[in-house]
Ligand code: NAD
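Residue numbers (the numbering used here): 71 to 328.
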């Protein structure tokens, strides 16, 4: 099936590694021209060189998309790189040391950085991308929520769950604001995806998680990329304001703090 992405320009935030990188690779394979954003300049540059080396049109837009100036500049650079902007994949995310404490022990900085990196960046990039999409008469915005929303999350990630739930609410409402203009807005809710984050898990924890999943394994980043490419396609024009779960059917958490 031809997804109709040939020549479309796609900005993927946080694309230097992990899921964003995989999303960019699938979009590029479908013919889209890719703008790689990340806060990590070396990683973003290296990925752009890799894409170009494989014959794909690619450009870089380094910056922190959780900041108003950063997001505005990144989106402007993306629109300028190839003269249009058709697709925005809001993927940039942070976790690590900002996660793992229950709400009563959580510093406001840890709450704010998670909400800012996930939710505020999603708002800011969408806000600045919509005029460029409107000018081109086509737009696809895909936001990254999480199984933490559909399943409630495990103790220690209230900040992350709040940010990802906020992304869902933002998605559903923005979809109503721009749908009539040919711009769709959807959210994806992946379960555990085999990225660097999963690689830090102990073999025991990996076994518990995959053992509880109906499919019996982690999601692969390329699978998320394929879902995103479809949501960005011409064929997905009537999918708007949706939350698409990609969790193998495992929508909640039962292993405690394992
Ligand atoms: P990752 O940490 O491997 O990659 C995230 C990328 O975002 C990094 O390259 C990082 O440098 C970049 N980044 C961080 N802050 C940024 C900012 N302010 N501006 C620009 N770039 C920034 O993460 P991942 O596992 O690939 O996850 C990607 C997204 O998918 C995140 O939103 C995450 O919450 C979500 N998600 C991941 C999983 C999973 O199991 N890995 C599951 C559900 C949802």
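Think of the CB as a built atom: it goes at the ideal place given N, C-alpha and C, for glycine as much as any other residue.
For clarity, every value in this text was computed on a predicted model and none was experimentally measured.
Find the nearest neighbour of residue 150 within the set 81, 300, 278, judged by alpha-carbon distance. 81
Once the 5 residues before and after residue 262 are set aside, which same chain residues still bring their CB inside 7 Å of it? 268, 279, 288, 289
So is residue 330 buried or exposed if we call it buried at 16+ other beta carbons inside 10 Å? One cannot answer for residue 330 here, as it falls past the ends of the chain, which runs 71 to 328.
Measuring straight from C-alpha to C-alpha, what distance separates residue 147 and residue 79? 12 Å
Starting from the Cα of residue 282, find the closest Cα among 257, 314, 322 and give me that residue. 322
How is residue 104 classed by DSSP in three states: helix, strand or coil? strand
Is any heavy atom in ligand 1 found nearer than 7 Å to the beta carbon of residue 216? yes
Rounded to a whole number of angstroms, what is the C-alpha to C-alpha distance between residue 329 and residue 320? Limits of the chain in this structure are 71 at one end and 328 at the other, which puts residue 329 out of reach.
Length of the line joining the Cα atoms of residue 212 and residue 199: 12 Å
I'd like the list of long-range same chain contacts for residue 185, defined as Cβ closer than 6 Å, with 5 residues on each side in sequence excluded. 233
Cβ of residue 182 within 7 Å of any heavy atom in ligand 1? no
Considering just the uninterrupted stretch of the alpha helix (DSSP H) at residue 195, what are its terminal residues? 191-206
Within a Cβ cutoff of 7 Å, which residues of the same chain sit near residue 252, ignoring the five residues on either side of it in sequence? 207, 208, 209
Within this structure, are the beta carbons of residue 87 and residue 266 separated by less than 8 Å? yes
Which whole-angstrom value describes the C-beta separation of residue 96 and residue 296, a residue pair presumed to lie in contact below a C-beta threshold of 8 Å? 6 Å
Heavy atom of ligand 1 within 7 Å of residue 167 beta-carbon: no
Per DSSP, which one or two residues make a beta bridge with residue 289? 263
When you measure from the CB of residue 240 to every non-hydrogen atom of ligand 1, does any distance come out below 7 Å? no
Among 260, 256, 271, nearest to residue 302 - alpha-carbon criterion: 256
Are there 16 or more other CB atoms within 10 angstroms of the CB of residue 286, so buried, or fewer, so exposed? exposed
Between residue 231 and ligand 1, is the CB less than 7 Å from at least one heavy atom? no
Suppose the cutoff is 7 Å on Cβ atoms and the five residues either side in sequence are ignored; what does the same chain contact list for residue 166 look like? none
Leaving aside the five residues before and after residue 72 along the sequence, list all residues of the same chain whose C-beta is less than 8 Å from its C-beta, in chain order. none
With distances taken between CB atoms, is the gap from residue 228 to residue 173 smaller than 8 Å? yes
For residue 216, tell me which candidate among 179, 258, 241 has the shortest Cα-Cα distance. 258
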